[in-house]
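>
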Amino acid sequence: MVKLNWNSKGSNSKKICDLKRENSNCFKRFETYPKNLNSFLEKDWKNSLYWGDNLEVSLKILDSYEGKINLIYIDPPFFSGVNYHINISHEGNKYDSTAYFDNWNSDLDSYLQMLFERFLIFHKLLANDGLIFVHLDYHAYHYVKILLDEIFGKNRFINEIIWYYYNKYSAGRNNLPRAHDNVMVYSKSNRYTFNEIRLPREKPRKQLKRIMVDGVLKNLKDEDGHVIYRMVTDKKLDDVWKIPCLQPASKEWTGFPTQKHHKLLERIIKIGSNEGDIVADLFCGSGTTLLAAERLNRRWIGCDISPYSIYITRKRLINNRLSRKNTQQKFNPIEFYSSLNEENLNLIESGFFEKDLEITRR
Ligand SMILES: C[S@@+](CC[C@H](N)C(=O)[O-])C[C@H]1O[C@@H](n2cnc3c(N)ncnc32)[C@H](O)[C@@H]1O
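What follows is the structure in structure tokens.
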């Protein structure tokens, strides 16, 4: 079997127990929402949002969630070579910061090692009938596909979804303008959840009525031997998805760089999970996956290393609940965790997550 090698990979990389030993288990809950949990039972599910490195977080949750997560979606840094900056304004003060880092100084080895270690654990976390969706672009998806083949198995490759975002400006002077991302889908076994999605056709279409006879599709005919037609108004979703890039005018816009369109995540979650299932996004950015999971009545686990990500995700989730207060929808509480080192503790105690920040892309 073809395998990808790089300098620090070692033999099948580090084994999970080595990784476990190296990563201390130091996450503590620092907030619960809603604060008053009287109407919930101790055993009721609680969604959790972790602020920290997802290697440590996935190792921490492995003890409780091994083989239990139904759908994992990840949209990690793409090896784009740039860092993503934001402008922040708060009570008249303005400052710049980095939302997240994706400049690897061209060190592809480190990038692949970072993903490889996490994939080993994600594979363990995934339920036997679960799916993982890995969202990348032309910078590295072709390398990462070989890693996924190695960890999940070549036969577990299900689809490569092309997200065609036709509305994003791309100069493309010496190349064709780049207008798509790649979402690779792998299963853990040969039995997995896969719900069909149908889209309405622009115009209804006349289609031959067909039936299966002894395993062969045949045209259905009437008593006079004439073929029979039917009008079809929808069609099965294929693997090229034409969804725009989110625009600042959208009410979903958060200002977090590389925020994905909620429609993309809604489709992914509908295809690969059912109500009540557990969805995880451990590179959650502005929390698009978690919000979509919540709206579709899934349970969820999220994580991000950037405090701005946790800030935005927390606000989005709480605002969504407040806006649906008068609906029938039942929400599970949310628990927020972080490693309570001095720096994190100072930020939490400064009331950072409750502040009214205005965040825009730079
Ligand atoms: C492409 S963005 C995700 C965008 C997200 N899908 C959305 O719709 O907003 C990648 C995210 O991965 C996070 N990230 C990068 N390395 C990480 C790590 N080791 N642990 C946790 N999060 C990480 C970054 O902080 C960033 O928010």
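Residue 284 is where the sequence shown starts when you use the working numbering, and the numbers rise one by one after that. Don't be surprised by glycine CBs; every beta carbon is placed ideally from N, CA and C. Quantities reported herein were computed from a predicted structural model and do not represent experimental measurements.
#1: Pop quiz: Val468 and Ile444 are said to be a contact at Cβ under 8 Å. What is the actual Cβ separation, rounded to whole angstroms?
#2: Answer yes if the segment 391-400 comes into contact with the segment 418-429, meaning at least three C-beta pairs across the two stretches below 8 Å, and no otherwise.
#3: One question on the structure: do Lys471 and Gly559 come within less than 7 Å of each other, judged by their Cβ atoms?
#4: Leaving out the 5 sequence neighbours to the left and right, which residues in its chain are closer than 7 Å to Ile551 when beta-carbon positions are compared?
#5: Starting from Met397, follow the alpha helix (DSSP H) in both directions and report where the run begins and ends.
#6: Quick test of your reading: Phe539 and Ile595, contact by CB under 8 Å. State the CB separation rounded to the nearest angstrom.
#7: In the structure shown, what three-state DSSP assignment does Lys519 receive?
#8: Taking only the alpha-carbon atoms, compute the straight-line gap between Asn388 and Ser380 and give it to the nearest angstrom.
#9: Starting from Gly585, follow the beta strand (DSSP E) in both directions and report where the run begins and ends.
#10: Tell me, to the nearest whole angstrom, how far the beta carbon of Gly585 is from that of Cys567; I am working on the premise that it is less than 8 Å.
#11: Rounded to a whole number of angstroms, what is the C-alpha to C-alpha distance between Leu604 and Tyr447?
#12: Mapping DSSP to helix, strand and coil, what is Glu632?
#13: In chain order, what residues of the same chain have a beta carbon less than 8 Å from the beta carbon of Lys351, not counting five sequence neighbours either side?
#14: Who does Lys471 pair with in a DSSP beta bridge?
#15: Answer with buried or exposed for Ser347, where buried requires no fewer than 16 other C-beta atoms within 10 angstroms of its C-beta.
#16: Using the three-state DSSP reduction, which class does His373 fall into: helix, strand or coil?
#17: Per DSSP, Pro647 is paired with what?
#18: What does DSSP give as the partner residues of Lys312 in its beta bridges?
#19: If Glu618 and Ser331 are in contact, beta carbons under 8 Å, what's the gap, nearest whole angstrom?
#20: Taking its Cβ as the centre, do 16 or more other Cβ atoms sit within 10 Å of Asp327, making it buried, or is it exposed?
#21: Taking Val427 as the reference, which of Leu403, Ile344 and Lys519 has the closest Cα?
#22: Could you tell me the alpha carbon to alpha carbon distance between Leu459 and Ser453, rounded to whole angstroms?
#23: So which of His544, Asp639, Asp521 and Ser592 has the shortest CA-CA distance to Tyr383?
#24: When you compare the CB positions of Phe313 and Lys343, do they come within less than 7 Å of one another, or not?
#25: How many angstroms separate the CA atom of Asp507 from the CA atom of Val496?
#26: Can you find the residues in the same chain that come closer than 8 Å, C-beta to C-beta, to Leu287, ignoring five residues on each side of it along the sequence?
#27: For Lys311, is the beta carbon positioned less than 6 Å from some heavy atom of ligand 1?
#28: What does the alpha-carbon distance come out to for the pair Phe405 and Gly364?
#29: Determine the burial state of Gln542: buried for a count of at least 16 other Cβ atoms within 10 Å of its Cβ, exposed for fewer.
Based on what the coordinates show:
#1: To locate residue 468, count along the sequence shown from 1; it is residue 185. To locate residue 444, count along the sequence shown from 1; it is residue 161. Yes, Val468 and Ile444 are in contact; Cβ-Cβ is about 7 Å, under 8 Å.
#2: yes
#3: Numbered from 1 along the sequence shown, position 188 holds the residue referred to as residue 471. Numbered from 1 along the sequence shown, position 276 holds the residue referred to as residue 559. No. Outside cutoff.
#4: The count along the sequence shown starts at 1 and reaches residue 551 at position 268. Excluding positions up to five away in sequence, the list reads Tyr356 and Phe416.
#5: Position 114 of the sequence shown, counting from 1, holds the residue named residue 397. From DSSP, the alpha helix (DSSP H) with Met397 extends over Leu391 to Leu408.
#6: If you number the sequence shown from 1, residue 539 lands on position 256. If you number the sequence shown from 1, residue 595 lands on position 312. So it is a contact: roughly 5 Å between Cβ atoms.
#7: Counting from one through the sequence shown, the residue named residue 519 turns up at place 236. The answer is strand: DSSP assigns Lys519 an E or B state.
#8: Along the sequence shown, one-based indexing puts residue 388 at 105. Along the sequence shown, one-based indexing puts residue 380 at 97. Rounded to the nearest angstrom, the two C-alpha atoms are 20 Å apart.
#9: In the sequence shown, counting from the first residue as 1, residue 585 sits at position 302. First-last of the beta strand (DSSP E) with Gly585: Arg582 to Asp587.
#10: Your numbering for residue 585 matches position 302 in the sequence shown. Your numbering for residue 567 matches position 284 in the sequence shown. Contact holds; Cβ gap of about 4 Å.
#11: In the sequence shown, counting from the first residue as 1, residue 604 sits at position 321. In the sequence shown, counting from the first residue as 1, residue 447 sits at position 164. First, the amino acid is wrong: residue 604 is Arg here, not Leu. The C-alpha of Tyr447 is placed about 31 Å away from the C-alpha of Arg604.
#12: Your numbering for residue 632 matches position 349 in the sequence shown. Here Glu632 sits in helix by DSSP.
#13: Working through the sequence shown from its first residue, we reach residue 351 at position 68. If we look at Lys351 and ignore the five residues flanking it on each side, its Cβ neighbours are Leu408, Ala410 and Ile561.
#14: Taking the sequence shown and counting its residues from 1, one reaches residue 471 at position 188. For Lys471, which the question treats as bridged, DSSP gives no partner whatsoever.
#15: On the sequence shown, position 64 is the one that residue 347 refers to. So Ser347 ends up on the exposed side.
#16: As a first step, residue 373 must be located in the sequence shown, where it is residue number 90. The answer is strand: DSSP assigns His373 an E or B state.
#17: Only positions 284 to 645 of the chain appear in the structure, and residue 647 is not among them; the question remains open.
#18: Numbered from 1 along the sequence shown, position 29 holds the residue referred to as residue 312. Just to set this straight, residue 312 is Arg in the shown sequence, not Lys. In DSSP, Arg312 forms a bridge with Tyr620.
#19: Against the sequence shown, residue 618 aligns to sequence position 335. Against the sequence shown, residue 331 aligns to sequence position 48. Yes, they are in contact, since the Cβ atoms of Glu618 and Ser331 sit about 5 Å apart, within 8 Å.
#20: In the sequence shown, residue 327 corresponds to position 44, counting from 1. By the neighbour-count rule (16 or more Cβ atoms within 10 Å), Asp327 is not buried but exposed.
#21: In the sequence shown, counting from the first residue as 1, residue 427 sits at position 144. Comparing Cα-Cα distances from Val427 to each of Leu403, Ile344 and Lys519, the minimum goes to Leu403.
#22: Locating residue 459 in the sequence shown gives position 176, counting from the first residue. Locating residue 453 in the sequence shown gives position 170, counting from the first residue. Leu459 and Ser453: Cα-Cα distance of roughly 9 Å.
#23: One-based indexing of the sequence shown puts residue 383 at position 100. Ranking His544, Asp639, Asp521 and Ser592 by Cα distance to Tyr383 puts Ser592 first.
#24: As a working mapping, residue 313 is identified with position 30 in the sequence shown. As a working mapping, residue 343 is identified with position 60 in the sequence shown. No.
#25: The count along the sequence shown starts at 1 and reaches residue 507 at position 224. The count along the sequence shown starts at 1 and reaches residue 496 at position 213. Distance between the alpha carbons of Asp507 and Val496 is about 19 Å.
#26: Start at 1 with the first residue of the sequence shown, and residue 287 comes out as number 4. If we look at Leu287 and ignore the five residues flanking it on each side, its Cβ neighbours are Leu395, Tyr426, Ile429, Leu430 and Glu433.
#27: Sequence index remark: in the sequence shown, residue 311 carries index 28 (1-based). Result no, Cβ not under 6 Å from ligand 1.
#28: Looking up residue 405 in the sequence shown gives position 122. Looking up residue 364 in the sequence shown gives position 81. Going from the Cα of Phe405 to the Cα of Gly364 covers about 25 Å.
#29: Locating residue 542 in the sequence shown gives position 259, counting from the first residue. With 16 or more other Cβ atoms within 10 Å, it is buried.
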